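Participant: The sequence shown maps to residues 200 to 322 in the working numbering. Virtual Cβ for every residue (Gly too), placed ideally from N, Cα, C. Source: prediction; values computed, not measured. Okay, here's the structure, questions in a sec.
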Amino acid sequence: MSNCIFCKIVAKQIPSSVVYEDEEFLAFKDINPAAPVHFLIIPKQHVETLAQTTPEHAGMLGRMLALTPKLAQEQGCGLTQDIDGNVSGGYKTLINTGPDGGQEVYHLHLHVIGGPQPWRGQR
Ligand code: 5GP
Ligand code: ZN
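Quick look at the structure:
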């Protein structure tokens with residue numbers, strides 16, 4: 200997709216703050232973070248929306264979600280447990296789909312939003 204901003208980020212034609220990359224996915228920090236930690240995981244292959252995915256995409260979607268815990272931990276918003284068993288940390292995972300879903304960039308992306316509260320988490 201020649202006009203897609205996220206394809207241009209994948210192609211390194213537009214700079215981004217990359218937090219993870221493999222053959223299938225790129226993860227980079229959101230340019231307008233809603234919280235102390237806010238990054239996006241995208242498939243390198245251009246898929247416009249979640250609505251365009253089919254059962255054939257199930258593997259890709261699963262692998263994208265499965266990347267989240269490791270990257271969230273690395274970015275400082277994973278779950279931690281103190282000696283008394285109290286859990287802290289955490290994050291939201293979000294895929295906006297279409298106009299009513301608030302999607303602005305039409306290349307599938309998974310938001311990971313976290314870090315110490317308070318932050319504007321209601322997107
Ligand atoms: P959407 O509303 O489509 O779910 O989210 C798109 C996200 O992409 C927004 O949070 C926005 O800040 C982010 N974004 C848009 N353009 C760029 C860009 O050029 N670079 C980066 N790093 N993030 C972007
Ligand atoms: Zn794209």
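For the alpha helix (DSSP H) containing Lys-207, list its first residue and its last residue.
Facilitator: Element bounds for Lys-207: 204–209.
Participant: Residues around the ligand 5GP, please: the condition is that the C-beta lies closer than 5 Å to some non-hydrogen atom of it.
Facilitator: The set, ordered by position in the chain, is Ser-215, Asp-229, Ile-230, Asn-231, Asn-295, Gln-302, Glu-303 and Val-304.
Participant: How would you write the range of the beta strand (DSSP E) that Pro-268 sits in, first residue to last?
Facilitator: Where Pro-268 is concerned, there is no enclosing beta strand (DSSP E), although the alpha helix (DSSP H) it sits in stretches over 257–274.
Participant: Is the CB-CB distance between Gly-277 and Gly-314 below 8 Å?
Facilitator: Going by C-beta atoms, Gly-277 is not nearer than 8 Å to Gly-314.
Participant: Around the C-beta of Val-286, are 16 or more other C-beta atoms found within 10 angstroms, so that it is buried, or is it exposed?
Facilitator: Val-286 should be labelled exposed.
Participant: Could you spell out where the beta strand (DSSP E) holding Thr-292 opens and where it closes?
Facilitator: Note, Thr-292: beta strand (DSSP E), 290–293.
Participant: Among Asp-221, Leu-239 and Glu-222, which residue has its Cα nearest to the Cα of Lys-228?
Facilitator: Comparing Cα-Cα distances from Lys-228 to each of Asp-221, Leu-239 and Glu-222, the minimum goes to Leu-239.
Participant: For His-237 and Val-311, what's the separation of their Cα atoms in angstroms?
Facilitator: The straight-line gap from Cα to Cα measures roughly 6 Å.
Participant: Quick one: using the 10 Å Cβ neighbour count with 16 as the cut-off for buried, is Ser-215 buried or exposed?
Facilitator: Buried, because 16 or more other Cβ atoms sit within 10 Å of the Cβ of Ser-215.
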